[in-house]
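Chains as they are written, first to last, in our numbering: chain A, 1 to 440; chain B, 1001 to 1463.
Think of the CB as a built atom: it goes at the ideal place given N, C-alpha and C, for glycine as much as any other residue.
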């Protein structure tokens, strides 16, 4: 969706939740528990090792230590009876604007990779995401900039400070954007108040121009580092945070996730990237990815798309729900993302659309919200499947996640149960307690 | 004898003064200040936090303190005031206010009407230039300096309060204010001023006490237009100033190739970027303060000052690690709005109770200064963010009620702000040579609600 037009709406749930606060002390989160946990007698959807019936998963000190049919649970470990329940890796959202503060778009200039999103740790959306089984997300800013700012990968460590939510070891990621949002094609502002680039030609030029500058900057520093070996008086060049970030892209230290829609603009960025020696890690949205899937795969890029969002602007008219399946078939690592504080609660349903449209296997479809986004965020060694040694990030469903009535019952991050539906202030619960109209 | 003199003097003076002298229990009342030399006798003197002369005399001459002690020789021609039953303290210092200062978002003169690009001129760059690689053949931009980035603007020069605003400060016991712009990015420099009504001596006490840094934006769609952009802009501005300082040094040393840019914006920031001058970051929430600590650490900024610091107690380690002074606003945030509240509101696992803000919630917010002091973070009180100085003393009283010791509170309202503003030589304690800035209360406790302010002295003038 158009993230630059996104409206942060805390909405009904936030108000309902605020209306039932009980507080002992402001600074003490109520959700901290030990990092040992066992879930037994459940169907384990491991993603990488098939499904295990009547299985047990054990988490010690926040890490998965056993997954299988025969697992001994040490005495004293909190154990959840998983009879009839389905356990899957914590869901990962590869495109979210939740929990951000300080602005979603630094759109005053078109090239701002020195900017970084800022996290607002206690955004209730984080808790709502947990309610949908989401345990990690890529937080990006909007799509106003050709070369935008740096994103953040977080874990949904609800109840902890903003700084402790950062996912250590994840990629550093910068957002690019192409097409109508960058050119402000849908802006109502008069043309002379708009900003370069205003056409797709200008977008391409902007990328080329700035990477040329980045290479010159890189060379300037290289020459300095060589010179200073023999000449202690060599003058250190000016540090330019913008060009520094671009050289990080050239060196592969900063991964590009590019907002994109049309096949032609995707090909354009691949071409410019190949010419300039950098990689596009992931195309975001990529609604026409099915038209250029081979080229995306050949470049080594991945794709994070919507399941069935369509037609909300001109460049989104060729979107089809088969996009996920078709790109997967051509070898592209595909994830399905939310880009929404609402859809973030039901990403598992979005993944299921891949089964209906394109005959993806259930496991391949579930990968689109677990292991595949983990790869795109550089955290697949830590999360994305139920395997020994990985983080204890788990979602426990009342039924198979693709079943229409499935609900998340527990969401676990680092072995801590951070969402427990039986304890949660759900609307249903609040309504039951408050009576009709919530006036009791 | 003293009493006779006290009553004798006003007879010879204009009516306005007589009125003031007889009824100055209300220091906010309109008076014409008169400067004379005074001997405050039989008064309890708190010369500094924890240092008390139970009964003594303070002698002033030409606006300064000439003598302090249990026994002081009183020269002839001095106005004696018998202040039995009263206590004299050094005048309070409000470490940061933007009252009386122009807003950094004030309109620009004519230039904007002429259609000039506000992004141009000083402080125009964010990184490697604007996002527009090639212009459309426009003429060079006019030399507009946006107030948001007028880094060498001196608050002390621009302080233009109304008489009512000054009276309000005096009613709060405040005789000196730290001047900190409200908003912008690098809106200028911290100064300090006295709160005595103008008439003879200038209000300004000192300029260039610090560089104000705020996470604001530029106007008119210029970069940075958001809080996220502001962080990057501020980091780049400091880096550029440090680069300018290096070039300058190399140039003076005759190093081949060294040539300073002479960019006025970068040059203005050199003292702050090289820690010759403290940077005063406007930051109140947990995240803002953490960000300040990160920036200070990254750029090697020593002794930063955090103006606002409302959620300081949540991030004490960050404040301590950077050697920051907390200029704590006494405008407490609503407990419902502070960071961490939503965790409990949404995830507490309990429901069904009204969202009442409890007394404990309020106490925790107000205990900020006490917690910071206990942790060893220097604290200076400020009315920053408030619309008037007249509640300064009352809010300190509530801070004491929330757990701060009265001595620590007095230090946070006198000695520490004087130090951080660089004006300790002139104000902050009752010592010979310092300005005769006093606040005098009935009784023996400045912060007791029942003790009215009897007089305020500023530079030897009585109000």
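Chain-ordered chain B contacts of residue i [CB-CB under 8 Å]
| i | result |
| --- | --- |
| residue 235 of chain A | 1246, 1247, 1250, 1255, 1257 and 1258 |
Partners in chain A for residue i, counting only beta-carbon separations shorter than 7 Å
| i | result |
| --- | --- |
| residue 1224 of chain B | 106 and 108 |
Under the three-state DSSP convention, the category residue i falls into
| i | result |
| --- | --- |
| residue 12 of chain A | The predicted position of residue 12 of chain A is uncertain, since its pLDDT is 33 and thus under 50; no value can be drawn from it. |
| residue 130 of chain A | helix |
| residue 1280 of chain B | strand |
| residue 1192 of chain B | strand |
| residue 1362 of chain B | helix |
| residue 1038 of chain B | strand |
| residue 1210 of chain B | strand |
| residue 1169 of chain B | helix |
| residue 190 of chain A | coil |
| residue 1089 of chain B | strand |
| residue 1082 of chain B | strand |
| residue 1245 of chain B | helix |
| residue 63 of chain A | strand |
| residue 1059 of chain B | strand |
| residue 224 of chain A | helix |
| residue 1448 of chain B | coil |
| residue 412 of chain A | strand |
| residue 86 of chain A | strand |
| residue 111 of chain A | strand |
CB contact check: residue i to chain B, cutoff 8 Å
| i | result |
| --- | --- |
| residue 53 of chain A | no |
| residue 122 of chain A | yes |
| residue 421 of chain A | no |
| residue 415 of chain A | no |
| residue 149 of chain A | yes |
| residue 200 of chain A | no |
8 Å Cβ cutoff, residue i in contact with chain E
| i | result |
| --- | --- |
| residue 328 of chain A | Protein chains in the displayed structure are A and B, and chain E is not among them. |
9 Å Cβ cut-off: residues of chain B touching residue i
| i | result |
| --- | --- |
| residue 161 of chain A | 1286, 1287, 1290, 1314, 1315, 1339 and 1340 |
| residue 239 of chain A | 1236, 1239, 1240, 1242 and 1243 |
Proximal residues of chain A, C-beta to C-beta of residue i below 8 Å
| i | result |
| --- | --- |
| residue 1227 of chain B | 101, 102, 103 and 118 |
Closer than 7 Å at the beta carbon, the chain B residues around residue i
| i | result |
| --- | --- |
| residue 115 of chain A | 1228, 1229 and 1232 |
| residue 259 of chain A | Under the 7 Å cutoff, chain B gives no residues; its nearest Cβ is about 16 Å from residue 259 of chain A. |
Short CB-CB distance (under 8 Å) between residue i and chain A
| i | result |
| --- | --- |
| residue 1031 of chain B | Below a pLDDT of 50, predicted positions are generally treated as unreliable, and residue 1031 of chain B, at 48, falls in that range; no measurement from the model is reported. |
| residue 1343 of chain B | yes |
Reference residue i; option with closest CA among the options
| i | options | result |
| --- | --- | --- |
| residue 1282 of chain B | B:1230, B:1299 and B:1236 | B:1230 |
| residue 310 of chain A | A:422, A:224 and A:261 | A:261 |
| residue 283 of chain A | A:360, A:175 and A:188 | A:175 |
| residue 1180 of chain B | B:1159, B:1174, B:1311 and B:1373 | B:1159 |
| residue 97 of chain A | A:132, A:290, A:342 and A:294 | A:342 |
| residue 36 of chain A | A:68, A:413 and A:368 | A:413 |
| residue 1382 of chain B | B:1174, B:1144 and B:1046 | B:1174 |
| residue 59 of chain A | A:121, A:50, A:198 and A:80 | A:80 |
| residue 312 of chain A | A:287, A:110 and A:344 | A:287 |
| residue 1094 of chain B | B:1075, B:1435, B:1428 and B:1370 | B:1428 |
| residue 1220 of chain B | A:379, A:386, A:107 and A:178 | A:107 |
| residue 1202 of chain B | B:1176, B:1070, B:1243 and B:1270 | B:1176 |
| residue 1401 of chain B | B:1449, B:1439 and B:1425 | B:1449 |
| residue 389 of chain A | A:61, A:56, A:41 and A:40 | A:61 |
| residue 110 of chain A | A:196, A:101 and A:46 | A:196 |
| residue 49 of chain A | A:68, A:41 and A:64 | A:68 |
| residue 1168 of chain B | B:1447, B:1387 and B:1149 | B:1387 |
| residue 1423 of chain B | B:1210, B:1066 and B:1108 | B:1210 |
| residue 1460 of chain B | B:1055, B:1052, B:1049 and B:1067 | B:1067 |
| residue 1414 of chain B | B:1331, B:1299, B:1327 and B:1286 | B:1327 |
Identify each residue in the segment 1206-1223 of chain B for which the Cβ-Cβ distance to at least one residue of chain A is less than 7 Å, and report them in chain order.
-> Residues 1221, 1222 and 1223.
Proximal residues, the segment 130-144 of chain A versus chain B, C-beta separation under 9 Å | Residues of the segment 130-144 of chain A whose Cβ lies closer than 9 Å to any Cβ of chain B, in chain order: 130 and 141.
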